[in-house]
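Here the sequence shown is numbered in full-length UniProt numbering, starting from 1 and rising by one per residue. Ideal Cβ placement from N, Cα and C applies to all residues, glycine included.
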Amino acid sequence: MQNQNRENTPTTTSEQLPSRAERRRARGHRTRYFLAAGAVVAVGAMVGTGFAVQSAFAAQSDRVAETSALAEAANLDVEQLSAHGGILSARAVKTAQDTLSVAHDTIASAQGKVDAAALSTSVATLGQYELLAPERVFELAAETNAASTAVAGQVAEFDRVAAEQAAAEAAAKAAAEAAAAEAASSSGSSSSESSSRPSAPANPSEAQAIARDIMASEHGWGDDQFGCLVELWNHESGWRTNAANPSGAYGIPQALPGSKMAAFGADWETNPATQIRWGLSYISGRYGTPCGAWDSFNAKGWY
1 MQNQNRENTP TTTSEQLPSR AERRRARGHR TRYFLAAGAV VAVGAMVGTG FAVQSAFAAQ
61 SDRVAETSAL AEAANLDVEQ LSAHGGILSA RAVKTAQDTL SVAHDTIASA QGKVDAAALS
121 TSVATLGQYE LLAPERVFEL AAETNAASTA VAGQVAEFDR VAAEQAAAEA AAKAAAEAAA
181 AEAASSSGSS SSESSSRPSA PANPSEAQAI ARDIMASEHG WGDDQFGCLV ELWNHESGWR
241 TNAANPSGAY GIPQALPGSK MAAFGADWET NPATQIRWGL SYISGRYGTP CGAWDSFNAK
301 GWY
């Protein structure tokens, strides 16, 4: 049994152990492996560092390019500034010319209507636009436009009032012509119509007697016209020399204003003859005869 156990136990021999040379070769292989691995790591680290440096450089270059682009956009070069100045000057000239054209038309339309002196002054100043800086031209153009708008508004108001007055005058003229035509028709009517006119009073007042004498001597009118005159001034003043109306009419013929009668005498306020002469002259020039004035009074309520 003991011998059997010894036979099964492995015995270390010189042939089974690696030699010293083999051990050195193995250590050399391991050393080269570690060196190679270290080199790979070192190279990787260096490569990584190069990538990082390259990326930082690229980012910095991008920022420099962006800054340069902004600087170029914000700071115009000499040629750009010159072109910009030319455009601004052209705009100033066009603005001044357009403004002056409108202002000249406005001044022409204001002649004889409204005062355009301030606008004319603005136009004269702006007219020197070729000698002024563009900024000043724009300021003067704005001032001139404002003055032109104000004058145009005044002209429009003047025209409106004038149109209303013209319409009123045309209406009054048409009414007067119609009244004159009616008076002419009435004066040429039949004897039955003429007989409807008032007859001369049998006992005229003192003022009425004066009027009858003046009618006959200065106008050639008879009693047929005297009756119309008596009735007309009965309605107007009651033949009172001091008859006054709130409208300003005064005296026997109710002249408006009463001072008109001064053309026939300085005593127009108290003298019936002076008032009657003025009244008969007025009737003759406007209606032709006292009966014509009476017909108009019946048609309109005034003469």
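message: Suppose the cutoff is 7 Å on Cβ atoms and the five residues either side in sequence are ignored; what does the same chain contact list for residue 99 look like?
response: Residue numbering aside, residue 99 sits at position 99 when the sequence shown is read from its first letter. These residues qualify, in order along the chain: 126, 141, 144, 145.
- request: Determine the direct distance from the alpha carbon of residue 167 to that of residue 270, and round the result to whole angstroms.
  value: Here the question's residue 270 lines up with position 270 in the sequence shown. Here the question's residue 167 lines up with position 167 in the sequence shown. Approximately 39 Å, taken between the alpha carbons.
- request: Find the nearest neighbour of residue 210 within the set 256, 294, 278, judged by alpha-carbon distance.
  value: To locate residue 210, count along the sequence shown from 1; it is residue 210. Of the candidates 256, 294, 278, the one whose C-alpha sits nearest the C-alpha of residue 210 is 278.
message: On a Cα-Cα basis, can you pick out the residue from 249, 87, 275 that is closest to residue 265?
response: Counted from its first residue, the sequence shown places residue 265 at position 265. The shortest Cα separation from residue 265 among 249, 87, 275 belongs to 275.
- prompt: At which residue ranges does the region 194 to 237 contain complete alpha helix (DSSP H) runs of 4 or more residues, listed in the order of the chain?
  reply: 206 to 214, 223 to 236
query: Quick one, are the C-beta atoms of residue 336 and residue 180 less than 9 Å apart?
result: Here the chain has residues from 1 to 303 only, and residue 336 is not among them.
- request: In the DSSP assignment, find the unbroken alpha helix (DSSP H) run with residue 282 in it and report its ends.
  value: Locating residue 282 in the sequence shown gives position 282, counting from the first residue. Taken as a continuous stretch (DSSP letters only), the alpha helix (DSSP H) holding residue 282 covers 272 to 286.
query: Looking only at C-alpha atoms, which of 129, 109, 118, 273 sits nearest to residue 88?
result: One-based indexing of the sequence shown puts residue 88 at position 88. Per the Cα distances, 129.
message: According to DSSP, simplified to helix, strand and coil, what is residue 291?
response: Taking the first residue of the sequence shown as 1, we reach residue 291 at position 291. If DSSP states are grouped into helix, strand and coil, residue 291 belongs with the helices.
message: When you compare the CB positions of residue 282 and residue 253, do they come within less than 9 Å of one another, or not?
response: On the sequence shown, residue 282 is found 282 positions in, with the first residue counted as 1. On the sequence shown, residue 253 is found 253 positions in, with the first residue counted as 1. In this structure, the beta-carbon distance from residue 282 to residue 253 falls below 9 Å.
- prompt: Any idea if residue 161 is buried or exposed, counting beta-carbon neighbours within 10 angstroms, 16 or more meaning buried?
  reply: Your numbering for residue 161 matches position 161 in the sequence shown. Classification for residue 161: exposed.
field: Boundaries (first-last residue) of the alpha helix (DSSP H) holding residue 256
entry: Within the sequence shown, the letter at position 256 stands for residue 256. That residue, residue 256, is in no alpha helix (DSSP H); it is neither H nor E in DSSP.
- request: Starting from the Cα of residue 205, find the closest Cα among 302, 216, 218, 226 and give me that residue.
  value: For the purposes of this step, residue 205 is taken as the residue at position 205 of the sequence shown. Checked all of 302, 216, 218, 226; the closest Cα to residue 205 is 226.
- request: Output the boundary residues of the alpha helix (DSSP H) element that contains residue 114.
  value: Taking the first residue of the sequence shown as position 1, residue 114 is located at position 114. Counting along the chain, residue 114 falls outside any alpha helix (DSSP H), and DSSP gives it neither H nor E.
message: When you measure from the CB of residue 205 to every non-hydrogen atom of the ligand MN, does any distance come out below 8 Å?
response: Looking at this structure, you won't find the ligand MN or any other ligand, since it has none at all.
message: Between 86, 280, 172, which has its C-alpha nearest residue 214's C-alpha?
response: One-based indexing of the sequence shown puts residue 214 at position 214. Nearest to residue 214 by C-alpha distance, out of 86, 280, 172, is 280.
message: On the criterion of 16 or more Cβ atoms from any shown chain inside 10 Å, does residue 292 qualify as buried, or is it exposed?
response: Here residue 292 refers to the residue found at position 292 when the sequence shown is read from its first residue. Buried, because 16 or more other Cβ atoms sit within 10 Å of the Cβ of residue 292.
field: Integer Cβ distance of residue 114 from residue 151, believed to fall under 8 Å
entry: Translated into the one-based positions of the sequence shown, residue 114 becomes position 114. Translated into the one-based positions of the sequence shown, residue 151 becomes position 151. Right, the Cβ-Cβ distance comes to about 6 Å (below 8 Å), so this counts as a contact.
- request: Could you check how far apart the C-beta atoms of residue 103 and residue 119 are, in whole angstroms? I think they sit under 8 Å.
  value: Position 103 of the sequence shown, counted from the first residue, corresponds to residue 103. Position 119 of the sequence shown, counted from the first residue, corresponds to residue 119. Sure, about 6 Å apart at Cβ, within 8 Å.
query: In whole angstroms, what is the alpha-carbon distance linking residue 216 and residue 243?
result: Indexing the sequence shown from 1 puts residue 216 at position 216. Indexing the sequence shown from 1 puts residue 243 at position 243. Taking the straight line joining both Cα atoms gives about 25 Å.
field: Whole-angstrom C-beta distance between residue 198 and residue 230, which should lie under 8 Å
entry: As a working note, residue 230 is residue 230 in the sequence shown. As a working note, residue 198 is residue 198 in the sequence shown. Confirmed, about 7 Å.
message: In the DSSP output, what is residue 129 paired with across the bridge?
response: Here residue 129 refers to the residue found at position 129 of the sequence shown. In DSSP, residue 129 forms no bridge with anything.
- request: Just tell me which of 290, 237, 284, 147 has its CA closest to the CA of residue 224.
  value: Start at 1 with the first residue of the sequence shown, and residue 224 comes out as number 224. It is 290.
- request: Pull up the distance between the alpha-carbon of residue 296 and that of residue 178, whole angstroms please.
  value: Reading the sequence shown from its first residue, position 296 is the one you call residue 296. Reading the sequence shown from its first residue, position 178 is the one you call residue 178. Taken atom to atom, the span from the alpha-carbon of residue 296 to that of residue 178 is near 10 Å.
Cβ neighbour criterion (16 or more within 10 Å) applied to residue 251: Indexing the sequence shown from 1 puts residue 251 at position 251. Residue 251 comes out buried.
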